[in-house]
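Engineer: Residue numbers for the sequence shown follow UniProt numbering, so the first one is 1 and each next one is one higher. All residues carry an ideal CB built from backbone N, CA and C; glycine is no exception. A quick note: this is a predicted structure, and the numbers were derived from the prediction, not measured. Take this structure first; my questions come after.
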Amino acid sequence: MTAAAAPLTGAFTGAHLIAVIVLVLVLWILTRAWVSATVRKSQIREDARLENRRRYRAELIARRGPRIRGCRCECHRLSAVR
Numbered sequence: 001m002t003a004a005a006a007p008l009t010g011a012f013t014g015a016h017l018i019a020v021i022v023l024v025l026v027l028w029i030l031t032r033a034w035v036s037a038t039v040r041k042s043q044i045r046e047d048a049r050l051e052n053r054r055r056y057r058a059e060l061i062a063r064r065g066p067r068i069r070g071c072r073c074e075c076h077r078l079s080a081v082r
């Protein structure tokens, strides 16, 4: 067997290039999906936090006594927010 007839075992062929391109695209798609899922989850968490805050403020307003001008006590403060 001569050197010219030996198969190209160590060559980087077009199939390798296609495989690398496909791998990069798959990783890109998976990364984007993970990022969008993470953002969606954090938005859901933020919405729940804001809803709890609204509910808490509504309870405070409902329990608070009538507004008295100039009164700074805990019962009449309109800015009593955690």
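Which of the three DSSP states is assigned to alanine 15 in this structure?
Structural biologist: Of the three classes helix, strand and coil, the one that applies to alanine 15 here is helix, per DSSP.
Engineer: Straight-line CA distance for alanine 58 to threonine 31?
Structural biologist: 41 Å
Engineer: Pick helix, strand or coil for arginine 64, following the three-state DSSP scheme.
Structural biologist: Coil at arginine 64, not helix or strand.
Engineer: Between serine 42 and leucine 23, what straight-line distance do the alpha-carbon atoms span, to the nearest angstrom?
Structural biologist: Rounded to the nearest whole angstrom, the CA to CA distance from serine 42 to leucine 23 is 29 Å.
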